[in-house]
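Engineer:
Residue numbers (the working numbering): 341 to 447.
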């Protein structure tokens, strides 16, 4: 049933032609894809939280840490970094720096 449910098989012939080793490999790949989807969902939840971050600017006042989308995510810079295969970067360095300073609590 998994072959039809997860691998979009259309006939029993496709299932019969599949070896057990191939099936186990496909199931492992499926589990890894599910982990990747979970990672992406958790990343999205974190980014939804991060984009709402605020910095205190005075008594009972605050302003957004990211007042433009570009400050939150610089698309052009991300493209440049993606094109440089050897460069490793921390995607959350801005958030990390903000939190190391104490976040909104100490501003």
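Even for Gly, the Cβ is constructed at its ideal location relative to N, Cα and C.
Select from 388, 404, 385, 378 the residue whose C-alpha is nearest the C-alpha of residue 394.
Structural biologist: Answer by Cα proximity: 404.
Engineer: Tell me, which residues are paired with residue 517 by DSSP?
Structural biologist: Because residue 517 is not part of the residues shown, which for the chain are 341 to 447, the question remains open.
Engineer: Reducing DSSP to helix, strand and coil, say where residue 355 ends up.
Structural biologist: Helix.
Engineer: Can you have a look at residue 435 and say buried or exposed, based on whether 16 or more other CB atoms are within 10 angstroms of its CB?
Structural biologist: Residue 435 should be labelled buried.
Engineer: Can you tell me which of 400, 406, 349, 375 puts its alpha carbon nearest to the alpha carbon of residue 387?
Structural biologist: Answer by Cα proximity: 406.
Engineer: Just to confirm the assignment, what range does the alpha helix (DSSP H) spanning residue 434 have?
Structural biologist: 433-440 is the extent of the alpha helix (DSSP H) around residue 434.
Engineer: Give the straight-line distance between the Cα atoms of residue 350 and residue 417, rounded to the nearest whole angstrom.
Structural biologist: Looking at the two C-alpha atoms, the distance is approximately 44 Å.
Engineer: Taking residue 410 as the reference, give the member of 391, 438, 348, 344 with the closest Cα.
Structural biologist: Of 391, 438, 348, 344, the residue nearest in Cα terms is 391.
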